[in-house]
Structures are given as structure tokens and as C-alpha cells.
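With positions in the sequence shown counted from 1, the corresponding number in my numbering is that position plus 1. Glycine included, every Cβ here is placed at the ideal spot set by N, Cα and C. Since the model is a prediction, treat every value here as computed from it, not as a measurement. In what follows, a single structure is set out as C-alpha cells and then discussed.
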Amino acid sequence: MKKMNVRVQRFDPGQDEKPHFQTYLVEVNEGARVLHVLHAVHDEIDPTLSYRWCCGSGQCGSCAVRVNGEPVLACMEEARDAMTIEPLKLPVKKDLVVDLEPALDALSHIEPTGSAAMPTREEVELIKPLRSCIGCLACVSVCPAMDVTSFAGPTAMRQDFRLALDPRDTKDRVTEAVSKGLFTCTSCQACWKVCPKDIQIPGKAIEKLRSLANKKGLTLPRHQEVAKMVRETGRSVSRTEPTFMEQVGEVIEPHGPVKATVGFFVGCMYNQRLPQTALDAIEVLRRNGIRVIIPKEQVCCGSPLIRTGQLDFLDTLKRRNIDAFAFRNIDTVLTMCAGCGSTLKHDYRTPFRVMDINELLTRYGIEPPARLPLKATYHDPCHLLRGQGIRDLPRELITQVVNLVEMPSVCCGSGGGVRSGVPEEAAALAEKRREEIEKTGADIVISSCPFCEFHIMEHTDRPVKNVTTLLLEGYREKDRKKAENTV
Ligand code: SF4
Ligand code: SF4
Ligand code: FES
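Structure follows, in C-alpha cells:
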């Protein structure tokens with residue numbers, strides 16, 4: 002047996018004005034789950050504590066709560082001393098019991114034809130990864146799109162795609178999904194990362210529904226314009242100044258000995274809209290012994306097409322990009338756009354290794370920069386944090402230059418085609434980011450994705466910089482101090 006202190010959020014709408022925390026000392030067996038702790042509080046200390054559970058074995062989904070801020074199944078999560086247990090971020094009925102009805106009501110139910118038609122083998126394979134939902138609503142509780150729109154939510158999209166594949170269902174689930182907010186999903190992947198059944202709703206349901214919507218002519222007009230631009234120019238955004246690739250040669254040598262040679266996949270945003278940030282990154286790479294090869298025939302990675310379900314031209318883009326790097330026998334391709342990196346890693350089959358710039362710089366090590374007297378906060382790009390599992394590496398780099406104050410990792414609203422297709426939603430999510438940034442009291446905002454940087458820049462009065470620009474400023478300060486000392 003072991004003793005542990007736990008904080009539990011309590012709220013009785015009949016008595017309390019607002020939720021409050023109560024701390025309990027409980028004694029439970031080694032290896033006890035969070036649910037055992039709740040049983041101990043309820044049975045031995047306070048029988049008024051309300052919480053849901055049923056199967057006790059990860060099958061029914063009724064026990065979902067947040068532990069230290071993260072949605073989990075109470076019956077499966079190991080209990081830890083000093084943990085905080087809260088309800089999911091959904092309307093609370095009492096204590097840890099939330100209102101499930103609105104989200105469950107949004108789920109479509111099969112309307113059978115009465116025919117004996119069965120899904121094909123191919124359809125069954127697509128349905129399989131969507132079948133294991135246990136209705137815990139962890140995904141719904143973290144979806145940023147639902148916070149600012151009337152989006153029916155991730156599990157409703159999962160169900161609509163499942164039914165769209167089933168010939169026994171009579172309704173037009175694709176049109177229904179569009180009317181329920183299919184194009185408001187930002188592809189942030191938060192729903193997938195909290196799902197206890199590991200259901201990859203953005204990739205396995207939402208993007209697939211968007212592709213079916215495209216076949217029905219339901220793609221948003223602005224998304225069609227982006228696809229047209231990619232087909233005609235090879236780029237998903239227009240240029241606003243000389244592009245990055247127009248300003249550099251094909252091979253850029255480092256200042257000192259060569260530690261590694263990489264190909265640089267620049268991406269549309271850094272090439273066309275934020276070339277100075279990519280130039281800053283090149284300076285940091287040169288200073289740290291990285292030789293950079295930039296094949297000029299590279300084009301858009303195709304992410305804006307994949308996320309919006311417009312797949313016609315995708316294979317052409319993939320072939321051009323793979324050939325551009327493979328032709329030069331490049332074995333490591335560097336990305337500094339989180340979206341491009343995630344796309345090359347997950348949507349391509351490349352004959353080369355793909356590394357994000359944060360991975361590359363920490364792998365080969367960097368010359369220490371000088372410190373700057375600034376307080377920074379870091380915005381986690383969804384396609385870096387959840388798309389590539391990179392959380393700590395940018396923080397390791399940033400804290401070599403400035404002090405870091407954290408804010409919650411939530412989508413800024415720029416991804417999934419939302420910035421172009423549903424701009425009012427993108428602005429509402431960016432406004433929430435602005436509020437979080439202000440709460441930190443930070444002087445500057447650091448990120449590691451051009452879409453996030455560009456979008457957040459428009460919604461905050463603080464400077465927004467890439468990790469590599471911050472490092473470069475640290476190096477410039479170091480050089481300045483050195484020059485001062487030698488005068
Ligand atoms: S990917 Fe993000 S925005 Fe889309 S459904 Fe999942 S949580 Fe919501
Ligand atoms: S999709 Fe996953 S997180 Fe969402 S309700 Fe189903 S099991 Fe829970
Ligand atoms: S009690 Fe059924 S999943 Fe936890």
C-alpha cells in the first residue's frame with residue numbers, strides 16, 4: 002500500500018458559484034489507477050464525490066477525466082502522488098461528471114437501405130481504424146475548432162466517414178459532414194493524440210471526407226484557388242519579394258569545417274513570404290558546420306492539397322521533389338517548416354532521411370550563443386509537436402539565448418486550410434493565442450513554423466521570431482561583445 006495526496010476539482014452547481022479544488026490523502030495499492038484513487042476518496046472520505054465509470058477496463062469510455070491537464074481514462078491511467086484530477090473541458094454537471102449529450106447527439110446513426118449490399122474489402126480496411134471509438138469524448142474536449150465555431154467535432158467526423166463508406170447507409174454523409182463544419186478542422190491533431198484508442202481522425206477520416214467532398218464539387222472556393230496556384234506555379238502562396246531561392250546559390254558552404262551536408266527543402270512560405278527567416282537559418286547553419294544544398298527545382302510539398310482533400314496533382318509534386326534531392330544523392334533533407342517536415346515524413350516515401358532544423362542543430366551541436374535580456378514564450382506548431390513529436394528540442398535551443406515562459410500548446414488557427422478557407426475562425430483562434438501570449442508577460446514570441454509565425458504576427462503586438470533568428474541574434478550579440486573587448 003502507498004499513500005498519496007491528490008487534488009480533485011469539485012463543483013456542485015446547486016451549491017457552488019464556481020469550481021474549487023479539494024486535496025485528499027488516500028491509501029491505495031501499488032500500481033493503483035486513477036479510478037482506484039477516486040473510489041478511495043468516495044468510499045472512505047467523501048461519498049458526495051461524483052464521477053463516472055462502468056467497465057473499469059478501458060472499454061466503455063465513461064471514466065475520462067483530465068490528470069495534470071491531459072485527458073486520460075481514469076481506469077487505465079496509473080495514479081501518481083500530487084496529481085490533479087479535473088473533469089474534461091466540457092460543460093460540468095457535477096464534480097468530474099460532464100455533459101456528454103451535445104457531442105453524442107451530433108453523431109450520425111445509420112439509416113439502412115434494407116438492401117443486402119456490403120462494404121467492399123477496400124472500404125472495410127478504411128472503416129477498421131475508425132471502429133474502436135468508445136465515446137469517451139476526450140477528442141471533443143481538446144478540439145480548438147469546436148471552441149470558436151459550431152463544428153460537430155472529431156468523433157462526429159469519424160462517424161460520418163464510417164457511414165459514408167457503408168453502402169447500407171442511405172444518407173449523403175459527405176454533404177452532411179460539410180454542413181457540420183468539415184472544413185473548420187485545423188489539422189492540429191490534438192484529437193488523435195488524446196484518443197485512448199489511437200484513432201487518427203484528422204488523417205483517417207477528415208482528410209478522406211474532404212477528398213470525397215472534392216469529388217462532389219464541395220471544396221471551398223479559396224481552397225480551389227490554392228490548388229490552381231500550385232498547379233500553375235508549383236507554389237501554394239504568391240511571392241511578395243525576391244524569393245529565398247533567388248537570393249542564394251545551390252551550394253552554401255559553412256564558415257568552418259564541414260560537420261554534415263544536407264539538402265534544404267525550403268517550403269512555399271519561407272521561399273515566397275518569409276525569405277529573411279530562411280536566410281537567418283542559413284547563417285546559423287553555416288556557423289555550425291552544415292553544408293547546405295538547395296535544389297532549385299523543388300516545389301510545394303503538397304500539404305495544402307492533402308489537408309484540403311485535393312489530391313489530383315499530388316503525385317506530380319511528390320515525384321518532382323523526390324527527384325530533385327535524389328538526383329543529387331542527398332541522404333538527409335532538412336525542413337524548417339513544420340507542415341512540410343510532417344508531410345515529407347508521413348505522406349511521402351522518400352529515399353532520404355528527413356530532419357527538422359531543431360533536430361539537426363541539436364544532433365550536431367551548436368556553438369553557444371550570447372544571452373539576450375529578454376523573456377520569450379514559445380508557440381508549439383501543431384505539425385512539429387504532434388506531427389513530428391518534437392517538443393523539447395526547440396526549447397533546448399531557445400533557452401540558450403533567452404528565458405522561456407511556457408503557455409498552453411494550442412493551435413493558432415493557421416493550419417488545415419482554415420486560414421485561407423475559414424479566415425474568421427483562424428482569426429478567432431489567433432485571438433485566443435494573443436490572450437495566452439499576453440498572460441505570459443513575454444517580450445517576444447518564438448516559433449518554428451512559417452504558417453504559425455506569419456499568422457501570430459498579425460494578431461499580437463510582440464515580435465514573433467523563428468528559433469533560428471533568435472539564435473542568430475544571440476550570435477550577433479556574441480560577436481558584438483567580442484569586438485568590443487578587442488577594441
Ligand atoms: S485535428 Fe484539431 S481541429 Fe481537427 S478535429 Fe482534431 S482536434 Fe479538432
Ligand atoms: S475518437 Fe477516441 S477520443 Fe474520441 S470519443 Fe472515440 S475513443 Fe474517445
Ligand atoms: S471505466 Fe470504462 S473505460 Fe474506464
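Whole-angstrom distance between C453 and A228, CA atom to CA atom: Mapped onto the sequence shown, residue 228 falls at position 227. Mapped onto the sequence shown, residue 453 falls at position 452. If you take the alpha carbons of A228 and C453, they lie about 21 Å apart.
Tell me where the beta strand (DSSP E) around S448 begins and ends. Mapped onto the sequence shown, residue 448 falls at position 447. In the DSSP annotation of this structure, the continuous segment of the beta strand (DSSP E) that includes S448 starts and ends at I445 to S448.
Endpoints, the alpha helix (DSSP H) within which Q10 is located: The sequence position of residue 10 within the sequence shown is 9, counting from 1. First-last for Q10: K3 to R11, but that is the beta strand (DSSP E), not the alpha helix (DSSP H).
With a 10 Å radius around its C-beta and 16 neighbouring C-beta atoms as the bar for buried, classify R308 as buried or exposed. On the sequence shown, residue 308 is found 307 positions in, with the first residue counted as 1. R308 counts as buried, since at least 16 other C-beta atoms from the protein chains shown sit within 10 angstroms of its C-beta.
Using the beta carbon as the reference atom, which residues fall closer than 7 Å to any heavy atom of ligand 3, ordered along the chain? Those residues that bring their Cβ nearer than 7 Å to a heavy atom of ligand 3 are L36, W54, C55, C56, G57, S58, G59, Q60, C61, G62, S63, C64, L74, A75, C76, M77, I135 and C137.
Compute the beta-carbon to beta-carbon distance between D161 and L210, rounded to the nearest angstrom, for a pair I have assumed lies under 8 Å. By one-based count along the sequence shown, residue 161 stands at place 160. By one-based count along the sequence shown, residue 210 stands at place 209. D161 to L210, Cβ: 6 Å. Contact.
In whole angstroms, what separates the C-alpha of V300 from that of G388? As a first step, residue 300 is located in the sequence shown; it is residue number 299 there, counting from the start. As a first step, residue 388 is located in the sequence shown; it is residue number 387 there, counting from the start. So the two alpha carbons sit approximately 21 Å from each other.
Evaluate C134 with the Cβ neighbour count: other Cβ atoms within 10 Å of its Cβ, from every protein chain shown; 16 or more gives buried, anything less gives exposed. Numbered from 1 along the sequence shown, position 133 holds the residue referred to as residue 134. The residue is buried, with at least 16 neighbouring Cβ atoms inside 10 Å.
Can you list, in chain order, the residues of its chain with a C-beta nearer than 7 Å to that of K479? Leave out the 5 residues immediately preceding and following it. Residue 479 sits at position 478 when you count from the first residue of the sequence shown. P370 and A371.
Considering V227, what are the terminal residues of the alpha helix (DSSP H) in which it resides? Numbered from its first residue, the sequence shown carries residue 227 at position 226. From DSSP, the alpha helix (DSSP H) with V227 extends over P222 to T234.
Segments of 4+ residues assigned as alpha helix (DSSP H) that fall wholly inside the stretch 304-356: Taking only runs of at least 4 residues, the alpha helix (DSSP H) segments lying wholly in the stretch 304-356 are 304-308, 315-327 and 339-347.
Determine the DSSP secondary structure at Q23, reduced to helix, strand or coil. Taking the first residue of the sequence shown as position 1, residue 23 is located at position 22. If DSSP states are grouped into helix, strand and coil, Q23 belongs with the strands.
Leaving out the 5 sequence neighbours to the left and right, which residues in its chain are closer than 8 Å to Q248 when beta-carbon positions are compared? Here residue 248 refers to the residue found at position 247 of the sequence shown. P276 and L280, listed in sequence order.
Quick check on DSSP: helix, strand or coil for D170? Residue numbering aside, residue 170 sits at position 169 when the sequence shown is read from its first letter. If DSSP states are grouped into helix, strand and coil, D170 belongs with the strands.
Considering only residues of the same chain and omitting the five flanking positions on each side of V73, which have a CB-CB separation below 6 Å? In the sequence shown, the residue the question calls residue 73 occupies position 72. Listed in chain order, the non-local C-beta contacts of V73 below 6 Å within the same chain number zero, local neighbours out to five positions each way being set aside.
Rank L361, Q401 and F353 by C-alpha distance to the C-alpha of L375 and give the top, closest one. Working through the sequence shown from its first residue, we reach residue 375 at position 374. When C-alpha distances from L375 are compared across L361, Q401 and F353, the shortest belongs to Q401.
Using a threshold of 7 Å, is the CB atom of V149 nearer than that to any non-hydrogen atom of ligand 1? Your numbering for residue 149 matches position 148 in the sequence shown. No, Cβ of V149 sits at least 7 Å from all heavy atoms of ligand 1.
Per DSSP, which residues does K95 bridge with? Please list them. Position 94 of the sequence shown holds residue 95. When DSSP reads this structure, K95 sits in a beta bridge with V98.
My understanding is that K483 touches Y365, with C-beta atoms under 8 Å, so please give their C-beta distance in whole angstroms. Residue numbering aside, residue 483 sits at position 482 when the sequence shown is read from its first letter. Residue numbering aside, residue 365 sits at position 364 when the sequence shown is read from its first letter. Distance from K483 to Y365 at the Cβ level is roughly 23 Å; contact not present, criterion being Cβ atoms closer than 8 Å.
F266 bridges to which residues according to DSSP? If you number the sequence shown from 1, residue 266 lands on position 265. BP columns for F266 point to T336.
Beta-carbon spacing of L472, V267 below 8 Å: Here residue 472 refers to the residue found at position 471 when the sequence shown is read from its first residue. Here residue 267 refers to the residue found at position 266 when the sequence shown is read from its first residue. Contact flag unset, no.
Got a sec: does ligand 1 put a non-hydrogen atom nearer than 7 Å to the Cβ of T187? One-based indexing of the sequence shown puts residue 187 at position 186. With a threshold of 7 Å, the Cβ atom of T187 counts as near ligand 1, since some heavy atom of the ligand is closer than that.
Pull up the distance between the alpha-carbon of S415 and that of D316, whole angstroms please. One-based indexing of the sequence shown puts residue 415 at position 414. One-based indexing of the sequence shown puts residue 316 at position 315. Each residue's alpha carbon lies about 25 Å from the other.
May I ask you to report which of helix, strand or coil DSSP gives K376? As a position in the sequence shown, residue 376 is number 375, starting the count at 1. Under the three-state reduction of DSSP, K376 is assigned to strand.
Spatially closest choice to I447 from Y476, T187 and E407, by CA coordinates: Along the sequence shown, read from residue 1 onward, the residue named residue 447 stands at position 446. Nearest in C-alpha terms to I447, of all of Y476, T187 and E407, is E407.
Between which residues of its own chain and T470 is the CB-CB distance below 7 Å, once the five residues before and five after are set aside? Locating residue 470 in the sequence shown gives position 469, where the first residue counts as 1. Within the same chain, T470 has close Cβ partners T278 and D281.
Who does K466 pair with in a DSSP beta bridge? The count along the sequence shown starts at 1 and reaches residue 466 at position 465. K466 is bridged to I447.
If you follow the alpha helix (DSSP H) that E123 is part of, which residue opens it and which one closes it? Locating residue 123 in the sequence shown gives position 122, counting from the first residue. It spans R122 to I128 - the alpha helix (DSSP H) in which E123 sits, taken as one unbroken run.
Is it buried or exposed, S239, if we count other Cβ atoms within 10 angstroms and call 16 or more buried? As a working mapping, residue 239 is identified with position 238 in the sequence shown. By the neighbour-count rule (16 or more Cβ atoms within 10 Å), S239 is not buried but exposed.
DSSP on P113, reduced to helix/strand/coil? Position 112 of the sequence shown, counted from the start, is the residue given in the question as residue 113. Reduced to three states, the DSSP call for P113 is strand.
Determine which residues share a DSSP beta bridge with L405 and list them. By 1-based counting over the sequence shown, the position of residue 405 is 404. Partner(s): A377.
Starting from the C-beta of C186, find all residues in its chain whose C-beta is less than 6 Å away, skip the five residues before and the five after it, and write them out in chain order. In the sequence shown, residue 186 corresponds to position 185, counting from 1. Excluding positions up to five away in sequence, the list reads A146, I207 and G417.
DSSP state of T244 mapped onto helix, strand, coil: The residue given as residue 244 occupies position 243 in the sequence shown. In this structure, DSSP gives T244 a state outside helix and strand, which the three-state scheme calls coil.
Indicate the three-state DSSP secondary structure (helix, strand or coil) for T187 in the structure shown. Counting from 1 along the sequence shown, the entry for residue 187 is found at position 186. In this structure, DSSP gives T187 a state outside helix and strand, which the three-state scheme calls coil.
Endpoints, beta strand (DSSP E) assigned at P72: Along the sequence shown, one-based indexing puts residue 72 at 71. Its beta strand (DSSP E) spans residues E71 to L74.
How about C341: is its Cβ closer than 7 Å to a heavy atom in ligand 2? The sequence position of residue 341 within the sequence shown is 340, counting from 1. For C341, the shortest C-beta to heavy atom distance toward ligand 2 is 7 Å or greater.
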